[in-house]
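Those letters in the sequence shown? Residues 1 to 674, per my numbering, in order.
Encoded as structure tokens, the structure appears first; notes follow it.
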Amino acid sequence: MKKARTKWAVLLAVLLVVAFGALTIANAIQTDHGNIDVTEGVIDAYRGENGEQHLGRMTYKLYTPKTATAEHKAPGVLLLHGYQNDRETNAAYAIELARRGVVVLSLDEYGHGFSEPGLKERGYVNHSVKVNFGEDSVEAGTFKKTGGTVRYRILMNFSNLTFFNDYYSKDQDGNAIWDSSCGGAAAYAVLATMDNVDSTRLGISGHSMGTWAGWSVAAAFAGTEYEPRATVLQCGELFRDSVYDTDKIHFNNVLLLQAKWDEFSYFRDYKRTVDDKLLSSDLRCEFLGTTPDQAAWDTTFGSFADGSARRMELLYTNHRLTTHNARGLAVALDWFREAFGAESMAALDPADQIAMGKEWLVLLSMLCTLLALVPFAELLLTVPFFADIPQPLPPKANVKPRGKWWRGAVITMLIAGFTYPFMTQLGHALLPLPEGIFRMTVGNGFIGWYSLLILVMVVTSLIGWKKAKKTEAFDGWYGMGLGTEAAPKKIGWKLLGKSALLVLCLLLLVYAVVALAGALYLLDLRFIWPFFKTFTWARLGQFCVYIPLFALFFLLNNSKIMASMRTNATYEPGARGFVGSWWRNALMMVGGVLIIVLIEYIPFFLGIGPGADVLFGSTFGGPFMSLLILFVPQVLVFSLFCTYFYRRTGSVYPGALLVASLAAWIVTGGSAML
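Right, dumping it as structure tokens:
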């Protein structure tokens with residue numbers, strides 16, 4: 001026993017040392033080995049003509065090159081992230097611009113990251129446009145009234161901007177798009193007035209939702225002493241000049257980075273594919289200032305000198321990966337250099353990029369921290385209080401034969417897969433949840449999906465229970481992973497309570513690492529997009545709101561997959577037994593979503609369009625389709641924990657409660673909040 005504890009303690013220590021070692025090197029990259037000061041700050045957000053309504057504080061991360069001083073002012077760039085992201089999603093642009101002598105402010109926009117004002121402070125109206133603004137009409141049904149939940153009207157108005165004509169940005173019910181910059185205008189003003197920033201060389205870059213915010217900031221400062229010299233749109237939407245006052249507002253030197261496989265119809269002009277036909281549309285030609293026969297990808301039109309420079313760079317990537325696409329970043333760096341003047345930025349080759357090194361190292365740190373939960377759990381299970389959590393697996397009498405297992409697995413995958421697009425979108429926008437309580441928009445999407453799957457699992461479990469009771473091998477709640485060997489016909493409430501406390505200890509370890517990463521380095525445990533962040537009080541409250549339903553889902557899910565569908569491999573010891581159990585469990589947990597991945601992307605890569613749009617309509621494309629790139633690896637990691645803890649303890653409680661907590665943390669820690 002002592003030898004085993006020593007082994008686990010050494011493994012725990014090694015994993016944590018590697019985790020913090022990776023964070024240390026990642027910090028060296030983000031500071032360019034001491035050449036960049038990385039700090040954070042806050043801005044107070046207000047609403048009203050005279051700023052009479054205080055909305056709360058917004059947070060930002062500031063990258064300041066050591067060369068930027070009051071005597072030697074540097075250019076400044078504001079970075080604006082996309083929906084469900086946060087300030088750290090801009091890290092590649094922030095690091096590479098700062099390495100070249102630019103002061104960079106990366107903002108947590110309304111409803112995201114650590115900022116306090118909710119996404120609803122952006123505003124909304126009771127109508128929506130189904131095409132690019134300026135190409136709509138009431139007669140064609142592309143400009144129409146909308147109702148429903150507040151979050152639905154906000155989502156339907158993401159591309160409706162503050163500076164648009166009142167016809168679009170206000171309604172007869174007194175609603176309005178208050179601040180489509182999502183706090184960006186206030187942050188830009190702070191950046192522009194810093195004593196080490198050259199206010200004549202300012203720029204903006206945004207991704208996705210951040211491109212609409214970027215347009216809004218550029219419009220707000222057009223014609224002022226702080227007018228931006230350049231705007232870079234990473235997956236942005238275009239609109240006709242007719243929708244705003246062109247006598248007062250103009251946009252200098254705009255670069256559009258176009259993802260070839262963008263899952264969001266906004267950013268491919270509501271067409272199914274991105275091709276040369278899209279390039280030569282009237283809208284795109286108006287943007288480029290050229291004719292259809294002259295329009296071209298990867299070509300600069302107009303002049304930087306008078307602000308008319310325009311370019312559309314075609315990137316062979318998808319929506320979410322655009323933020324860290326090396327070619328897109330290189331083009332953006334060149335764009336800012338041309339707009340600011342070659343002498344204003346260090347002459348580093350645009351292809352000289354180090355930012356992805358930081359992302360891989362932080363990913364390594366996150367994985368090591370999660371892996372450290374296994375030795376930590378083993379050490380905790382030697383503590384007398386937790387020592388009775390492990391119990392033998394239920395008897396092999398109810399092991400599923402291969403044929404029945406495959407039949408059950410296929411049914412499980414099909415139900416999960418084909419309900420995903422519909423139920424996530426229903427929950428995301430229209431499920432009638434109390435919005436003052438359930439404030440996480442993507443969390444509501446998962447609640448919609450989980451609720452239906454919970455109902456299906458309860459019904460099928462009751463049917464299975466009724467059939468099993470007639471057999472001699474009936475092993476009750478114990479066989480479902482929810483009871484104990486000592487009292488198989490009763491739910492193991494004591495076991496559940498102790499498992500919950502065990503999981504709480506495990507979560508505290510992860511939270512301690514996350515808190516130290518933030519305090520020491522201003523880094524999260526993530527990979528390109530948010531995963532684990534420290535909580536604000538509001539977000540901790542949201543975690544408490546969502547965790548009960550997440551826990552119920554994963555408990556039932558693990559009961560069906562780990563326990564009720566157990567196979568001979570479940571009982572086989574060692575690595576072979578673990579792998580044999582894991583791939584089956586992983587297939588059932590993620591297989592349905594993998595089916596949707598294939599349905600979504602195979603037609604897209606064949607030039608037909610995203611599968612969800614083609615089969616179900618664009619309503620079911622977008623956010624939850626693009627989330628698949630994150631969801632699949634996340635669930636694969638979850639399946640490892642669930643398999644390990646079920647084999648180790650004979651119950652589903654520890655594994656299910658752990659992954660439910662991690663999932664709820666990811667959803668509530670930094671993503672969009674009303």
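A virtual CB, placed ideally from N, CA and C, is assigned to each residue, including glycine.
Since this is a predicted model, take the numbers as computed values, not measurements.
Selected residue, minimal CA-CA separation from residue i, among the options
{"i": "L97", "options": "L658, T460, T412, L333", "result": "L333"}
{"i": "L88", "options": "G113, P633, G51", "result": "This sequence places Glu at residue 88; Leu is not what is there. Out of G113, P633, G51, G113 has the C-alpha closest to the C-alpha of E88."}
{"i": "T567", "options": "A663, Q634, W406", "result": "W406"}
{"i": "A213", "options": "E237, V197, G223", "result": "E237"}
{"i": "L681", "options": "G541, I666, Y653", "result": "There is simply no residue 681 to check, as the chain begins at 1 and stops at 674 in what is shown."}
{"i": "F641", "options": "P548, L256, M673, P375", "result": "P375"}
{"i": "P394", "options": "S106, H54, V659, V652", "result": "V652"}
{"i": "G184", "options": "A218, D195, Q84, S169", "result": "A218"}
{"i": "L55", "options": "C182, P633, E40", "result": "C182"}
{"i": "K260", "options": "P548, T322, A26", "result": "T322"}
{"i": "R584", "options": "G541, D524, G408, F604", "result": "G408"}
{"i": "W360", "options": "K490, G21, T224, A660", "result": "G21"}
{"i": "F148", "options": "L426, F446, V637, A91", "result": "One point to set straight first is that residue 148 is Gly, not Phe, in the sequence displayed. Nearest C-alpha to G148: L426."}
{"i": "F532", "options": "L549, G655, L509", "result": "L509"}
{"i": "L552", "options": "A656, L636, G592, P488", "result": "A656"}
{"i": "N165", "options": "G210, D247, V197, M209", "result": "D247"}
{"i": "D44", "options": "Y110, Q258, N325", "result": "Y110"}
{"i": "I528", "options": "Y46, G34, H319, K120", "result": "H319"}
{"i": "T273", "options": "S280, D262, A575", "result": "D262"}
{"i": "N175", "options": "T211, V459, L549, E121", "result": "E121"}
{"i": "V254", "options": "S159, P292, G307", "result": "G307"}
{"i": "A690", "options": "A663, I595, P117, N50", "result": "Only positions 1 to 674 of the chain appear in the structure, and residue 690 is not among them; the question remains open."}
Chain-order list of residues whose beta-carbon lies under 8 Å from that of residue i (same chain, five-residue window excluded)
{"i": "T31", "result": "D37, V38"}
{"i": "R327", "result": "E313, L315"}
{"i": "E40", "result": "T59, Y60, K61, L62, L522"}
Beta-carbon proximity list for residue i, same chain, < 6 Å, skipping 5 on both sides
{"i": "N569", "result": "Residue identity check: residue 569 is Ala in the sequence provided, not Asn. Correct list, in chain order: G577, G580, S581."}
{"i": "F133", "result": "F239, V243"}
{"i": "V597", "result": "L628"}
{"i": "M457", "result": "L556, K560"}
{"i": "F301", "result": "L288, G289, T290, R310"}
{"i": "V331", "result": "E313"}
{"i": "L15", "result": "C368, L371, A372"}
{"i": "S115", "result": "M58, T59, D108"}
{"i": "R99", "result": "D32"}
{"i": "M413", "result": "G591, G592"}
According to DSSP, residues forming a beta bridge with residue i
{"i": "D37", "result": "T64"}
{"i": "K170", "result": "A176"}
{"i": "M754", "result": "Summary: the structure shown does not reach residue 754, with the chain confined to residues 1 through 674, and so no result is reported for it."}
{"i": "A230", "result": "G203"}
{"i": "H127", "result": "K145"}
{"i": "Q258", "result": "L314"}
{"i": "M440", "result": "M673"}
{"i": "V458", "result": "Per DSSP, none; premise fails for V458."}
{"i": "F527", "result": "W529"}
{"i": "L105", "result": "L62, L78"}
Contacting residues, own chain, Cβ-Cβ under 7 Å from residue i (five flanking each side not counted)
{"i": "I271", "result": "The question names Ile, but residue 271 in the sequence shown is Lys. The answer, listed in chain order, is L278."}
{"i": "I249", "result": "F163, A219, A222"}
{"i": "G443", "result": "Y546, V667, T668"}
{"i": "N27", "result": "Y521, L523"}
| said: Runs of 3 residues minimum, wholly inside the stretch 40 to 83: which ones carry the beta strand (DSSP E) assignment? | reply: 53 to 65, 74 to 80
| Taking only runs of the beta strand (DSSP E) that begin and end inside the stretch 280 to 348, which ones reach a length of at least 3 residues, in chain order? | Taken in chain order, the complete beta strand (DSSP E) segments of 3 residues or longer contained in the stretch 280 to 348 are 310 to 318.
| message | Counting beta carbon pairs with one atom in the stretch 200 to 212 and one in the stretch 220 to 234, are three or more of them shorter than 8 Å? | response | The stretch 220 to 234 vs the stretch 200 to 212: in contact.
| message | My parser needs the alpha helix (DSSP H) runs of 4 or more residues fully inside the stretch 475 to 522; what are they? | response | 476 to 479, 493 to 521
| query | Mind pulling the alpha helix (DSSP H) runs of 4 or more residues that sit fully within the stretch 642 to 669? | reply | 653 to 669
| request: State whether the stretch 362 to 371 contacts the stretch 282 to 295, with contact taken as three or more CB pairs (one from each stretch) at a distance under 8 Å. | output: no
| said: Which runs of the alpha helix (DSSP H) at least 4 residues long sit entirely within the stretch 185 to 221? Give them in chain order. | reply: Runs of the alpha helix (DSSP H) inside the stretch 185 to 221: 209 to 220.
| field | Any 3 or more C-beta pairs closer than 8 Å across the stretch 149 to 157 and the stretch 182 to 196 | value | no
| Inter-stretch contact (C-beta, 8 Å, three-pair minimum) for the stretch 2 to 20 and the stretch 332 to 349 | They do not touch, by the three-pair rule.
| said: Between the stretch 582 to 593 and the stretch 475 to 489, can you find at least three pairs of beta-carbon atoms closer than 8 Å? | reply: no
| Does the stretch 612 to 627 come within contact of the stretch 417 to 434, defined as at least 3 CB pairs closer than 8 Å? | yes
| Between the stretch 529 to 544 and the stretch 425 to 434, do three or more beta carbon pairs fall short of 8 Å? | no
| Counting pairs of beta carbons, one from the stretch 138 to 145 and one from the stretch 114 to 129, are three or more of them closer than 8 Å? | Taking 8 Å as the limit for Cβ pairs, the verdict is that the stretch 114 to 129 does touch the stretch 138 to 145.
| field | Inter-stretch contact (C-beta, 8 Å, three-pair minimum) for the stretch 511 to 527 and the stretch 487 to 496 | value | no
| said: Suppose only complete runs of 3+ residues qualify. What are the beta strand (DSSP E) ranges in the stretch 553 to 637, listed by chain order? | reply: none
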